Amino acid sequence: MTIIAAADGSALGNPGPAGWAWYIDDARWRCGGWKRGTNNQGELAAVLDLLRQTAHVDEPLHVLCDSQYVINSITKWMAGWKRKGWKKADGKPVLNVEVMKALDEAMRGRDVTFEWVKGHAGHALNEKADALANGASKAHASKQQPEAGPGFPGATAVGAGEDPAVPPAADGGAVPATTTKSADTSEPDLFSVGEPGSPGATGSRPGAPAAGPAIEELVVDLERSLLTDAVRRDRKQLTRLLDVRWRQVDTAGRTWTRRELGNSKASLAGVELEVLETRRLSDDVVLLLWRATSPGGASSLHSSIWQRTGDDWKQVYQQGTRQA
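Taking my numbering, the leading residue of the sequence shown gets 65, the next gets one more, and so forth.
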C-alpha cells in the first residue's frame, strides 16, 4: 500500500528562523528547524527526513510538495548536476549541495513519486505539513525547540541536523570529515521551474520567463513574508520586496509609502492570508487577490501587484478593503 505524505518548509524573513515538516497522519509526522535558514532549505530537509524515516519499509512512497524547486531538483536536475561534478548549467556550484547529495543517496533503490500541490489551497495533508513547519520556524524565532513528533514507526535514521546546509549522516552520526559546514542562504528564489542559473529559470533574466505555477507560488510566499514582523521591521528586506514607488492604500483609506511602512511599529502577527486568485497580467506582472483574517476574526480583502524587476519580484501597489 502506497504511503502518502506531505512535506513542507517555512522561513520567517527568508533567510530567518526556519522550519520543516512532513505529515502522513496524526500518528506519523515529524518537524524541526533552525534559528536561521531559507524556505528552500526547509523544503529540502522535510523531504530528506521523510525519505530517511521511511527507508526501512517496502511500500511505495508518494510525496506531496508545493515546491517545484524541490521536485525538479530531485527528479530532473540531479542527474545532470552529478555528471557535471555537482555544478549547475552555468558552471556554478549547486546550492545546498550536501543536502542534495544526501537526497540522491536516500532515493537510491526507492519507489518514490512526487506530486506538486498548490500551497495554502486547502489540501488537507499539505495544510498539516505547512502548519507544523510554520510552527517550527516560529518556535525557533522564540528561541525554543518545537516538538519533534512521533516520526515513522521503526525508523532509526535522522534526516536533518543543526545546519540547514549540511545534514547529519544517514545513521544520525557525525557529518563526514570531507564536508565543509556552511549554511548557504544565497538562494535566488523560493520556487523554481527551470534549473537555477539556466536560461528561463525563475531568478534568471536571460531567456523567456518561467512557465507554470512557480511564479505565482513565489509571489504568494513573498506576500506572506510581508505579514511577518521580522520582515516589516527589517529595512533591508522591505527594500528588497517593495518597489521604490510602492504605495499602499490601507483599509482605513490611508496611503503609505515604503519609508512610512518601515517606520511603523504596527504588528500583523497572527494575521492569516487566504489566496483568492492569482492572475498573470503579463510575463513580468502578477495580480494577487487575497483575504486577511486577524486573530480576532476581522477580515479584509486585498489586491497586490507584483512586478519583476531584474532578477527580483517586488510589490508595487497594494490596496485593502474591510469586509463586512
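Beta carbons are placed, not taken as given, at the ideal position from N, Cα and C, and that holds for glycine. It should be emphasised that the depicted structure is a prediction, and the values quoted were computed from it without experimental measurement.
Terminal residues of the alpha helix (DSSP H) in which residue i lies
i: lysine 146; result: 142-147
i: glutamate 191; result: 188-205
Of the listed residues the options, nearest to residue i (C-alpha basis)
i: aspartate 235; options: Asp122, Asp194, Gly223, Asp314; result: Gly223
i: lysine 140; options: Thr177, Leu125, Ala119; result: Thr177
i: glutamate 317; options: Arg343, Thr385, Leu128; result: Inspection of the sequence shows that residue 317 is occupied by glycine rather than by glutamate. When each option's Cα is compared against that of glycine 317, the closest is Thr385.
i: glutamine 387; options: Gln371, Trp370, Trp354; result: Trp354
i: serine 331; options: Leu340, Ser358, Val308; result: Ser358
i: glutamate 211; options: Leu112, Val283, Arg94; result: Arg94
i: valine 127; options: Leu286, Val111, Gln371; result: Val111
i: serine 346; options: Val308, Glu280, Ser201; result: Glu280
i: alanine 333; options: Leu114, Val308, Asp348, Arg288; result: Arg288
i: arginine 372; options: Val313, Thr321, Asp307; result: Asp307
i: leucine 365; options: Ala185, Glu162, Val313, Gly155; result: Val313
Residue i - DSSP class collapsed to helix/strand/coil
i: valine 127; result: strand
i: leucine 306; result: strand
i: alanine 275; result: Only weak support is given to the placement of alanine 275: the predicted model assigns it a pLDDT of 34, under 50, and the value that follows is read from those uncertain coordinates. In the structure shown, alanine 275 sits in coil (DSSP, three-state: anything other than H, G, I, E or B).
i: alanine 265; result: The predicted position of alanine 265 is uncertain, since its pLDDT is 42 and thus under 50; no value can be drawn from it.
i: leucine 159; result: coil
i: arginine 311; result: strand
i: valine 111; result: helix
i: glutamate 179; result: strand
CA-to-CA distance, residue j to residue i, given in whole angstroms
i: valine 380; j: threonine 319; result: 13 Å
i: lysine 47; j: glutamate 169; result: The question about residue 47 has no answer, for the chain in this structure spans 65 to 388.
i: serine 328; j: asparagine 104; result: 29 Å
i: arginine 311; j: alanine 153; result: 38 Å
i: threonine 66; j: proline 217; result: 16 Å
i: valine 181; j: arginine 323; result: 37 Å
i: asparagine 136; j: leucine 159; result: 14 Å
i: glycine 80; j: aspartate 376; result: 19 Å
i: serine 368; j: leucine 351; result: 6 Å
i: alanine 82; j: lysine 202; result: 8 Å
i: glutamine 383; j: alanine 233; result: 49 Å
i: aspartate 348; j: valine 121; result: 45 Å
i: leucine 291; j: leucine 76; result: 10 Å
i: alanine 71; j: leucine 189; result: 9 Å
i: isoleucine 88; j: alanine 69; result: 5 Å
Opening and closing residue of the beta strand (DSSP E) in which residue i lies
i: alanine 70; result: 67-75
i: valine 230; result: Run containing valine 230: none; DSSP gives neither H nor E here.
i: aspartate 89; result: 80-89
i: valine 380; result: 376-386
i: lysine 329; result: Careful: lysine 329 lies outside any beta strand (DSSP E) and carries neither H nor E.
i: arginine 94; result: 92-101
Would you list, in sequence order, the uninterrupted beta strand (DSSP E) runs of no fewer than 3 residues that lie entirely inside the stretch 341-373?
349-357, 363-373
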